[in-house]
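K.L.:
Protein chains in written order, with our numbering: chain E, 2 to 117; chain H, 10 to 196. C-beta: ideal position from N, C-alpha, C; glycine also. These figures come from a predicted structure and were not determined experimentally.
1) Indicate the three-state DSSP secondary structure (helix, strand or coil) for residue 22 of chain H in the structure shown.
2) So the alpha helix (DSSP H) residue 162 of chain H belongs to, where does it begin and stop?
3) Quick one: what's got a C-beta closer than 7 Å to residue 40 of chain H's C-beta in the same chain, skipping five residues either side?
4) Would you mind stating whether residue 48 of chain E and residue 134 of chain H have Cβ atoms separated by less than 9 Å?
5) CA-CA distance, residue 187 of chain H and residue 179 of chain H?
6) Quick check on the burial criterion: 16 or more other C-beta atoms within 10 angstroms. Buried or exposed for residue 63 of chain H?
7) Are the C-beta of residue 68 of chain H and some C-beta of chain E separated by less than 9 Å?
8) When you compare the CB of residue 100 of chain H with every CB in chain E, is at least one pair closer than 9 Å?
9) Tell me the rounded alpha-carbon separation between residue 45 of chain H and residue 42 of chain E.
10) Along chain H, in chain order, which residues have C-beta atoms closer than 8 Å to that of residue 18 of chain E?
11) For residue 160 of chain H, I'd like the list of residues in its chain whose CB is within less than 8 Å of its CB, leaving aside the five on either flank, ordered along the chain.
12) Do we get a CB-CB distance below 9 Å when we pair residue 32 of chain E with the residues of chain H?
13) Comparing alpha-carbon positions, which option in H:51, H:67, H:34 and H:148 lies nearest residue 28 of chain E?
14) Do residue 58 of chain H and residue 48 of chain H count as a contact pair if the criterion is CB distance below 9 Å?
15) Counting contacts by CB-CB distance shorter than 9 Å, is residue 30 of chain H in contact with chain E?
16) When you compare the CB of residue 23 of chain E with every CB in chain H, is at least one pair closer than 9 Å?
17) By DSSP, does residue 184 of chain H sit in helix, in strand, or in coil?
18) DSSP on residue 80 of chain H, reduced to helix/strand/coil?
19) Spell out whether any CB of chain E is found under 9 Å from the CB atom of residue 89 of chain H.
20) Determine the closest residue to residue 94 of chain H out of H:81, H:61, H:177 and H:74, with distance taken between C-alpha atoms.
21) Between which two residues does the alpha helix (DSSP H) containing residue 18 of chain E stretch?
22) Compare the C-beta of residue 79 of chain H with all C-beta atoms of chain E and state if any pair is closer than 9 Å.
23) Give a yes or no on whether the minimum CB-CB distance between residue 191 of chain H and chain E is below 9 Å.
24) What does residue 92 of chain H reach in chain E if we use C-beta pairs closer than 7 Å?
25) At a Cβ cut of 9 Å, what residues of the segment 143–173 of chain H count as close to chain E, listed as they run along the chain?
26) Who are the Cβ neighbours of residue 128 of chain H in its own chain at under 7 Å, not counting the five residues just before and after it?
27) Between E:79, E:39 and E:80, which lies nearest to residue 38 of chain H when the distance is taken from Cα to Cα?
28) Could you round the C-beta distance between residue 36 of chain H and residue 45 of chain E to whole angstroms and report it? I think they count as a contact, below 8 Å.
29) What is the rounded straight-line gap between the Cα of residue 17 of chain E and the Cα of residue 23 of chain H?
30) Whole angstroms are fine: how far does the CA of residue 94 of chain E sit from the CA of residue 76 of chain E?
So, in structure tokens, the structure goes:
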């Protein structure tokens with residue numbers, strides 16, 4: 002050690018917690034980070050607000066458009082038609098079932114009449 | 010960064026949203042230094058620390074409403090630091106890296122910040138930083154939280170999602186390991 006160098010305490014006498022306190026000082030963020038963050042956050046809040054209002058406007062307009070568009074009428078008409086066809090098929094099945102039951106009853110009564 | 014993609018529009022009414030934004034601004038102003046300090050000591054360079062800080066606050070903004078409701082009035086600093094902690098962990102995982110250069114000998118930008126006291130010729134501080142970087146992640150983290158951010162055991166426990174007892178033990182072991190590695194007598 003040259004005479005100009007400060008005397009250094011041996012490490013053994015250091016308090017590690019004090020060293021950590023000195024070494025890990027809180028750091029001031031650079032000015033540009035604050036500016037950048039504030040810009041980003043305000044852009045984000047602005048974008049969120051715009052998206053929200055756009056979304057509301059688009060929703061009502063699109064609903065109106067959908068109601069006016071004849072292409073969108075096909076689906077409900079088809080649904081009514083399909084429902085009607087299904088109901089008709091059920092009626093036919095039920096009539097057939099009843100017809101079969103009547104036929105069975107007719108055979109039984111005929112057999113009864115044939116037996117002595 | 011695709012900041013806007015990560016932030017969902019709030020479904021709050023305008024007055025509630027304005028109040029929420031004001032509260033978030035207060036949180037941001039109160040803890041920008043904490044988040045940045047934590048990020049810097051974790052990643053070891055100013056550029057990545059700035060990115061990480063920005064991401065942490067954007068994520069915090071996204072979940073702020075819920076965090077505030079669920080905090081029951083408790084301070085939100087541990088929650089913020091936890092976000093930064095998770096981002097820092099992903100930072101290493103995604104890029105498969107750890108700080109390769111010590112904080113004080115990194116690029117000139119980092120050297121500007123990193124431990125200004127070292128510029129005063131404190132060899133011991135340089136040593137403690139070098140040893141700190143070699144500690145296991147969880148031990149290094151608790152020391153950064155304790156000494157750079159001044160967090161108490163309970164806050165650190167909340168930030169790490171551990172019990173108070175486990176955190177106390179972790180801090181004790183981290184300090185002890187550092188003492189041993191530096192050849193410092195325990196007092």
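P.N.:
If we stick to the structure as given:
1) Position 13 of the second chain holds residue 22 of chain H. Residue 22 of chain H: coil per DSSP, three-state reduction.
2) Looking up residue 162 of chain H in the second chain gives position 153. From DSSP, the alpha helix (DSSP H) with residue 162 of chain H extends over 162–169.
3) In the second chain, the residue the question calls residue 40 of chain H occupies position 31. Excluding residues within five positions, the ones whose Cβ falls inside 7 Å are 86 and 89.
4) Residue numbering aside, residue 48 of chain E sits at position 47 when the first chain is read from its first letter. Residue numbering aside, residue 134 of chain H sits at position 125 when the second chain is read from its first letter. Going by C-beta atoms, residue 48 of chain E is not nearer than 9 Å to residue 134 of chain H.
5) Counting from one through the second chain, the residue named residue 187 of chain H turns up at place 178. Counting from one through the second chain, the residue named residue 179 of chain H turns up at place 170. Spanning the two alpha carbons is a distance of roughly 12 Å.
6) Taking the first residue of the second chain as position 1, residue 63 of chain H is located at position 54. Per the 10 Å Cβ criterion, buried.
7) The sequence position of residue 68 of chain H within the second chain is 59, counting from 1. It does not: the Cβ of residue 68 of chain H has no partner Cβ on chain E nearer than 9 Å.
8) On the second chain, position 91 is the one that residue 100 of chain H refers to. No, because no Cβ of chain E sits closer than 9 Å to the Cβ of residue 100 of chain H.
9) For the purposes of this step, residue 45 of chain H is taken as residue 36 along the second chain, with counting starting at 1. For the purposes of this step, residue 42 of chain E is taken as residue 41 along the first chain, with counting starting at 1. Cα-Cα distance, rounded: 16 Å.
10) One-based indexing of the first chain puts residue 18 of chain E at position 17. Ordered by position in chain H, the residues that pass the 8 Å Cβ test against residue 18 of chain E are 156 and 184.
11) Sequence index remark: in the second chain, residue 160 of chain H carries index 151 (1-based). These residues qualify, in order along the chain: 86, 87, 90, 154 and 168.
12) Taking the first chain and counting its residues from 1, the one referred to as residue 32 of chain E is at position 31. It does not; no Cβ of chain H falls within 9 Å.
13) As a first step, residue 28 of chain E must be located in the first chain, where it is residue number 27. The residue with the shortest Cα to Cα distance from residue 28 of chain E is H:51.
14) What you label residue 48 of chain H is simply residue 39 of the second chain in a count that begins at 1. What you label residue 58 of chain H is simply residue 49 of the second chain in a count that begins at 1. The answer is yes: Cβ separation under 9 Å.
15) On the second chain, position 21 is the one that residue 30 of chain H refers to. Interface residue, yes.
16) Position 22 of the first chain, counted from the first residue, corresponds to residue 23 of chain E. Cβ-Cβ to chain H under 9 Å: yes for residue 23 of chain E.
17) Walking along the second chain from the start, residue 184 of chain H turns up at place 175. Residue state, collapsed to three classes: helix.
18) The sequence position of residue 80 of chain H within the second chain is 71, counting from 1. Three-state result, residue 80 of chain H: helix.
19) To locate residue 89 of chain H, count along the second chain from 1; it is residue 80. With 9 Å as the cut-off, residue 89 of chain H does not count as an interface residue toward chain E.
20) Your numbering for residue 94 of chain H matches position 85 in the second chain. Answer by Cα proximity: H:61.
21) Sequence index remark: in the first chain, residue 18 of chain E carries index 17 (1-based). Segment 17–24, the alpha helix (DSSP H) holding residue 18 of chain E.
22) Start at 1 with the first residue of the second chain, and residue 79 of chain H comes out as number 70. It does not; no Cβ of chain E falls within 9 Å.
23) For this step, residue 191 of chain H is matched to residue 182 along the second chain. Yes, its Cβ sits closer than 9 Å to a Cβ of chain E.
24) Within the second chain, the letter at position 83 stands for residue 92 of chain H. The contacting residues do not exist; residue 92 of chain H stays about 14 Å from chain E at best.
25) 152, 153, 155, 156, 157, 158 and 159
26) For this step, residue 128 of chain H is matched to residue 119 along the second chain. Because residue 128 of chain H sits at a pLDDT of 48, beneath the cut-off of 50, its placement in the model cannot be relied upon, and the following sentence gives the value as read from the coordinates. Cβ within range, chain order: n/a, list empty.
27) Working through the second chain from its first residue, we reach residue 38 of chain H at position 29. Closest option to residue 38 of chain H, Cα to Cα, is E:39.
28) By 1-based counting over the second chain, the position of residue 36 of chain H is 27. By 1-based counting over the first chain, the position of residue 45 of chain E is 44. Contact flag wrong, Cβ pair sits at about 15 Å.
29) Taking the first residue of the first chain as 1, we reach residue 17 of chain E at position 16. Taking the first residue of the second chain as 1, we reach residue 23 of chain H at position 14. Cα to Cα, the separation comes out at about 51 Å.
30) Numbered from 1 along the first chain, position 75 holds the residue referred to as residue 76 of chain E. Numbered from 1 along the first chain, position 93 holds the residue referred to as residue 94 of chain E. Between residue 76 of chain E and residue 94 of chain E, the C-alpha separation is close to 27 Å.
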